[in-house]
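Asks:
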Amino acid sequence: MDNEWNEVSLDSLCAALCCVMGVEPPEHAAAKNETLCAYAEKALGGRRADRLFMYNPDAVAQWIYEKYPEFTAEMQAVSELSLPMRTVMPSVTPVCFGTMYTGAQPEVHGIRRYEKPVIKLDSIFDAMLRAGKRVAVLAERDCSMAKIFLEREMDYFIYDSIPEINAKAAELIAGDRHDMIVVYNGNYDAVMHKHGPEDVHALAELRQNSFAFATFINLIKNYWKSHNTLAGFAMDHGCHPARLTAEPLCAAQIPEKLSPGAERPDRSEGAAAAKTQHAQNARVRSGLRSERAK
Ligand SMILES: [Zn+2]
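Going by this note's numbering, the letters in the sequence shown line up with residues -15 to 278, in that order.
1. Just verifying my parser: in three-state terms, what is the DSSP assignment at S(-7)?
2. Once DSSP output is grouped into helix, strand and coil, what is the label at F217?
3. Considering only C-alpha positions, which residue in the set V44, S128, L105 is nearest to E11?
4. What does DSSP give as the partner residue(s) for I142 in the beta ladder?
5. Is H93 near ligand 1 - that is, is its Cβ less than 7 Å away from at least one heavy atom of it?
6. Does DSSP put R161 in a helix, a strand or coil?
7. Could you tell me which of F81, R35, E124, V76 sits nearest to A151, measuring between CA atoms?
8. If I'm right that Q89 touches G222 with Cβ under 8 Å, what's the distance once you round it to whole angstroms?
9. Do P41 and M176 come within 8 Å of each other at the CB atom, strictly closer than that value?
10. Give a yes or no on whether the C-beta atoms belonging to M59 and F217 are separated by under 8 Å.
11. Residue range of the beta strand (DSSP E) that N40 falls in?
12. Can you tell me the Cα-Cα spacing of W208 and D160, whole angstroms?
13. Counting along the chain, where does the alpha helix (DSSP H) carrying I48 start and finish?
14. Given this structure, state the Cα-to-Cα distance separating T71 from V(-8), to the nearest angstrom.
15. Sort out for me which residues DSSP pairs Y168 with in a bridge.
16. Ordered along the chain, which non-local residues of its own chain (more than five positions away) have a Cβ less than 8 Å from that of P9?
17. Suppose you measure from the CA of H179 to the CA of K51; what does that come to, to the nearest Å?
18. Can H162 and V119 be called in contact, C-beta distance under 8 Å?
19. Rank Y98, F81, G94 by C-alpha distance to the C-alpha of V121 and give the top, closest one.
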């Protein structure tokens, strides 16, 4: 663990995802992340992706990811690009997801503390809908992702448990009807807050996130063979032990992996943020996966 900040802001992810999909980014999105775009361009042989799958595990810190790589082995095995990013402050869930999916800083999208109002600002969901894409969001009841992007003409699947969420996500992948699917899993965050980031209970949840993502990627390989898909494992921010004195320092990293190719799953790593004087970088892994149409 170090005190270095990641140079790239989480706000660059949104426009990059839109670029990969060939969609005009939302109105206030920051400049696109060129690394991600270049990766996808090469991976897809110059084509645009027509499917976007975003897996959002809450609070998987970069330092956790780096310290315990064996707990994310399944996710890493299907990833090709890791893109560290710096999350936004305050690094709490609704603030960070607000930035991830609008491409705008908190003062622009309007959520600047832990609250969950519907974001009215133009978002990636609005951008996809304008482009004629069918979008689905899957999340736990009352969580940020179940609330802050409501009121769009897209499909919301809100459940009380992660098994229900992930089962529906698998069903949607098999159904092959949605162009963009966002799956939120808050299990690591919930247990980490109770037991600590490195507790065995929390790490067991991290492993579940790793298995879940790898399972989704394999489903996509099977069911979306005729599509070019970008898949991402992207966290909103990181975490730190409660005993540490919090300092106004936060570093987020979003590693993203994108991979193109007929037989390979793509993954990217997303961004996570870390705070405290011990600079806990949060790491998010996201994966992009593309397959050439046969
Ligand atoms: Zn969070």
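We put the CB at the ideal spot given by N, CA and C, even for glycine.
Source: prediction; values computed, not measured.
Replies: So, from the listed chains and residues:
1. strand
2. strand
3. L105
4. A123
5. no
6. coil
7. E124
8. Not confirmed; about 18 Å, so no contact.
9. no
10. yes
11. 35 to 41
12. 7 Å
13. 46 to 51
14. 9 Å
15. N40
16. C(-2), A(-1), C2, C3, K16, G87, I108, A111
17. 17 Å
18. yes
19. F81
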